[in-house]
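Each step along the sequence shown adds one to the number in UniProt numbering, with nothing skipped, and position 11 is 11.
Just so you know, even glycine gets a beta-carbon here, dropped at the ideal spot from N, CA and C.
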Amino acid sequence: MLGFLKNPVVVTAEINMNLLALTVLGLISRLRGLSYPRAVVFDEVYYGQFVSLYMKRIFFVDDSGPPFGHMLLALGGYLGGFDGNFLWNRIGAEYSLNVPVWSLRLLPALAGALCVPLAYQILVEMHFSHCAALGAALLILLENSLITQSRFMLLESILIFFILLAVLCFLKFHNSQSCSAFSGSWWFWLLLTGVACSCAVGVKYMGLFTYMLLLVIAGLHFWHMIGDQNLSNVSLMCHFLARGLALIIIPVTMYLSFFYVHLALLYRSGPHDQIMTSAFQASLEGGLARITQGQPLEVAYGSQITLRNVLGKPMQCWLHSHKNTYPIRYDNGRGSSHQQQVTCYPFKDVNNWWIVKDPGMQQLVVSNPPRPVRHGHIVQLVHGITTRYLNTHDVAAPLSPHAQEVSCYIDYNISMPAQNLWRVEIVNRESDTDVWKTILSEVRFVHVNTSAVLKVSMSGASLPEWGYRQLEVVGEKLSKGFHQSMVWNVEEHRYGKSQEQKEREVELHSPTQMDISKNLSFMAKFAELQWKILTLKNEDTEHKYSSSAVDWITMDTNIAYWLHPTSGAQIHLIGNVLTWASATVAALIYACLSLWYLVRRRRRIYDIPEDAWQLWVSAGRICVGGWAVNYLPFFLMEKTLFLYHYLPALTFQILLIPIVLQHLSDHLCRSLLSKSMFSAFLVAWFSSVYLVYCTFSPVTYGAPSLSVAELKDLRWKDSWNILIRKQ
1 MLGFLKNPVV
11 VTAEINMNLL
21 ALTVLGLISR
31 LRGLSYPRAV
41 VFDEVYYGQF
51 VSLYMKRIFF
61 VDDSGPPFGH
71 MLLALGGYLG
81 GFDGNFLWNR
91 IGAEYSLNVP
101 VWSLRLLPAL
111 AGALCVPLAY
121 QILVEMHFSH
131 CAALGAALLI
141 LLENSLITQS
151 RFMLLESILI
161 FFILLAVLCF
171 LKFHNSQSCS
181 AFSGSWWFWL
191 LLTGVACSCA
201 VGVKYMGLFT
211 YMLLLVIAGL
221 HFWHMIGDQN
231 LSNVSLMCHF
241 LARGLALIII
251 PVTMYLSFFY
261 VHLALLYRSG
271 PHDQIMTSAF
281 QASLEGGLAR
291 ITQGQPLEVA
301 YGSQITLRNV
311 LGKPMQCWLH
321 SHKNTYPIRY
331 DNGRGSSHQQ
341 QVTCYPFKDV
351 NNWWIVKDPG
361 MQQLVVSNPP
371 RPVRHGHIVQ
381 LVHGITTRYL
391 NTHDVAAPLS
401 PHAQEVSCYI
411 DYNISMPAQN
421 LWRVEIVNRE
431 SDTDVWKTIL
441 SEVRFVHVNT
451 SAVLKVSMSG
461 ASLPEWGYRQ
471 LEVVGEKLSK
481 GFHQSMVWNV
491 EEHRYGKSQE
501 QKEREVELHS
511 PTQMDISKNL
521 SFMAKFAELQ
531 WKILTLKNED
541 TEHKYSSSAV
551 DWITMDTNIA
561 YWLHPTSGAQ
571 IHLIGNVLTW
581 ASATVAALIY
591 ACLSLWYLVR
601 RRRRIYDIPE
611 DAWQLWVSAG
621 RICVGGWAVN
631 YLPFFLMEKT
641 LFLYHYLPAL
651 TFQILLIPIV
661 LQHLSDHLCR
671 SLLSKSMFSA
681 FLVAWFSSVY
691 LVYCTFSPVT
701 YGAPSLSVAE
711 LKDLRWKDSW
721 NILIRKQ
């Protein structure tokens, strides 16, 4: 029974020494001297702010993309014991002792290092020779721009790692399709493809380009499977469902999980939450939640409220009035009603309070029991401090003459009657009998007499000095369409108890404390945050080192990342010039040869064997397709672009170089002499790549410090901005 114990348990393992050596070299090239310089390098000043906010659990919104990449950077800070206390306000600022520089830069460096063996594995899985795979890995290893970008607290190396991992996993899955469909390894690589794609998209939306490319390739493969008569309908359906699960459902689920963790970590109020809705702000600890905790839920006649404009652009603001009136005549000669000004004020103020009044009653307090205001009800809005009624009429607004002026009515005993009835319309209602709710309801106020809607001026214009530079509020006809500037929500709310004006003013200055529950679901918070990320755009200003996509292919630009305060030591994002040029030439050769082969095959002339043709085409789908989807979209983007945006596309183009070289060697160099000459060319070319790498290493690693003459020698292109100190 125990006979199996007579023999020892033996475990054997195969170790690919090429892969091991490449991994070690990648780690050395990216990790050595990682803490140098101990100063803020270029965009570390940007990402470092978010790391500090993670450490302090303070909510933020970054319009550059999803939160997964930021969380990975924050993980490095957490592992290093970072407390978040550092002022990220200047490139070149020295890090204080509490900042774990090595730990913060570790994950990007590891990701960059692992790209080297991933490149090797990808070419092996595409069925190219180990020599070609080794060449691809070494080119990635010696690419100066990839080294620079991976040695600092930046996201591009992490993005490229997940992109290459997704490609490798997909290739392994595809290669296991013919011999072991639905096996353990088949499922493993398929599921890991989906995970890697979701991680790439979660780091930066640029990862979406490669994800879509793999979906298209997977769709083409499945289309060919449909024509395979050996596969039953049940088998095809299983293949379809498996791909749908791994390549769509799992990535979407993981993408949602990134936001779930992000929101779970950042539960405290901060400066960024002011662009979110009141309901979102109230779900955060501190800030608005401190003010609104315990407010009544249902708005009733007699309620005292503040109204926040939902749009939040050009800044958050609240419906506001004060005793000052519109000038009798504006600077352009147009006249006004000389009524009390109504504006949108970007700060909390006692003059932001309004009282919801029943037009049929005089009382300004909530009855017992309260009478809630519902969708479609007619109300009057009384300014709490001045007790004047919100009004609009057929008088042109001060800055928007096409719209109506909004004012608080003053009776001048002239032929200008009060027009102060407003219909409450709940935009996000579930039924026509919905009750107007604090924070949760988004409402618009439609003027009964003129059908104008209360809104913040679309231009976001500020009034002149007589209006204290506050935002213009106007009445605009419904026929001009819907816009978020028309929508308001109740942010602060109390049930009014004081009928006398002096007592009411005291009440308006006092905080509110009543019972209410305003917890948002995760999906509601996710939808709002995702919308803000996609639509919130900072003003793109011209940057000293910004560039156009046209400049990238020939590397006509560079970026100075860091300059030593006293010596000539500096770090630049400059690529290996020979590698970049070779990548462009390889892409052109691939395009020309592909066109030549296609024309010849159309004439029934086959220059290369069918298996070589299929290998050539599949390599183009991955490498040329990967370059195209990661490069061409930038021509359509209206944003400030930098050289590092090209690095994912460049990585695919570098993978194409050894593929083209192997193809030339195998199918165009037919004689022994030509093969020998081609081999000599490859040795000379690769030696030159290494020489260029060594030449630019001082500005890749920031050491050693170079003299003025040496720095001038590195300026191979007039368009490069090499920093030289004046003597």
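Within the same chain, show all residues whose beta-carbon is closer than 7 Å to that of residue i, passing over the 5 residues directly before and after it, in chain order.
i              : result
arginine 621   : Ile217
isoleucine 516 : The predicted model places isoleucine 516 with a pLDDT of 39, which falls under 50 and marks its position as unreliable; any figure quoted below should be read in that light. Closer than 7 Å at the Cβ level, and outside the excluded window around isoleucine 516, lie Gly294, Gln295, Pro296, Leu297 and Thr438.
histidine 377  : Val424
leucine 27     : Ala113
alanine 242    : Leu190
alanine 452    : Thr392, Gln404, Gly475, Glu476 and Lys477
tryptophan 552 : Leu643 and Tyr646
glutamine 570  : Ala560, Trp562, Leu563, His564, Val699, Gly702 and Leu723
serine 485     : Asn309, Leu311, Lys455, Val456 and Met458
Distance, Cα to Cα, residue i vs residue j?
i                 : j                 : result
glycine 92        : aspartate 83      : 21 Å
histidine 393     : alanine 74        : 54 Å
histidine 262     : leucine 256       : 10 Å
phenylalanine 445 : tyrosine 646      : 49 Å
asparagine 7      : alanine 13        : 19 Å
glutamine 281     : glutamate 500     : 33 Å
phenylalanine 652 : glycine 625       : 8 Å
cysteine 115      : glutamate 710     : 31 Å
leucine 106       : histidine 402     : 58 Å
methionine 514    : arginine 329      : The predicted position of methionine 514 is uncertain, since its pLDDT is 39 and thus under 50; a value taken from the coordinates is nonetheless stated next. Using only the alpha carbons, I get a separation of about 46 Å.
asparagine 558    : asparagine 576    : 12 Å
alanine 166       : phenylalanine 222 : 18 Å
cysteine 344      : serine 697        : 56 Å
methionine 156    : alanine 581       : The question names methionine, yet the displayed sequence has glutamate at residue 156. For glutamate 156 and alanine 581, the distance between alpha carbons rounds to 21 Å.
methionine 71     : glycine 244       : 27 Å
aspartate 62      : serine 719        : 32 Å
alanine 587       : methionine 315    : 47 Å
leucine 215       : lysine 675        : 39 Å
glutamate 528     : serine 618        : 41 Å
leucine 691       : leucine 139       : 12 Å
Taking 7 Å as the threshold (C-beta atoms), are residue j and residue i in contact?
i                 : j                : result
phenylalanine 162 : cysteine 131     : no
leucine 154       : proline 100      : no
glycine 207       : leucine 247      : no
arginine 308      : asparagine 489   : yes
alanine 560       : histidine 543    : no
histidine 37      : tryptophan 562   : Going by the sequence as given, residue 37 is proline instead of histidine. In contact: proline 37 and tryptophan 562 (Cβ atoms closer than 7 Å).
isoleucine 305    : tryptophan 354   : yes
phenylalanine 173 : leucine 190      : yes
arginine 318      : valine 379       : According to the sequence as given, residue 318 is tryptophan; it is not arginine. Their beta carbons are not under 7 Å apart, which means tryptophan 318 does not touch valine 379 by this criterion.
leucine 266       : arginine 57      : yes
threonine 148     : threonine 700    : yes
alanine 39        : glutamate 94     : yes
serine 321        : valine 299       : no
valine 356        : serine 303       : yes
aspartate 273     : phenylalanine 59 : yes
tyrosine 389      : valine 382       : yes
leucine 536       : glutamate 472    : no
leucine 103       : glycine 76       : It should be noted that the sequence gives serine, not leucine, for residue 103. Yes. Within cutoff.
Can you find the residues in the same chain that come closer than 6 Å, C-beta to C-beta, to residue i, ignoring five residues on each side of it along the sequence?
i             : result
threonine 512 : Model confidence at threonine 512 stands at a pLDDT of 49, short of 50, so the residue's coordinates are unreliable; what they give is reported in the following sentence. These residues qualify, in order along the chain: Gln295 and Arg494.
histidine 375 : Ile426, Arg429, Asp432 and Asp434
glycine 135   : Pro658
valine 708    : Ile724
cysteine 169  : Trp189, Leu192, Thr193 and Ala196
histidine 239 : none
proline 271   : none
If I measure Cβ to Cβ from residue i and keep anything under 8 Å in the same chain, skipping five residues before and after, which residues do I get?
i              : result
glutamine 339  : Thr325, Tyr326, Asn391, Glu405, Ser407, Cys408, Tyr409 and Ile410
histidine 483  : Leu311, Lys455 and Met458
isoleucine 608 : Tyr597, Trp616 and His667
May I have a chain-ordered list of the alpha helix (DSSP H) segments no shorter than 4 residues that lie completely inside the region 671–700?
none
Please specify which runs of the beta strand (DSSP E), each continuous and at least 3 residues long, are wholly inside the region 623–668, giving them in chain order.
Qualifying beta strand (DSSP E) stretches: none in this window.
Flag this pair as touching only if the region 121–140 and the region 653–669 have three or more C-beta atom pairs under 8 Å; answer yes or no.
yes
Cβ contact (3+ pairs, closer than 8 Å) linking the region 666–673 and the region 603–613
yes
Every unbroken beta strand (DSSP E) within the UniProt domain "MIR" (296–359), with a cutoff of 3 residues, ordered by chain
303–309, 318–325, 340–345 and 353–357
In chain order, which alpha helix (DSSP H) runs of at least 4 residues are fully inside the region 41–91?
44–55 and 68–79
Alpha helix (DSSP H) segments (min. 4 residues) lying fully within the region 256–292:
278–282 and 288–292
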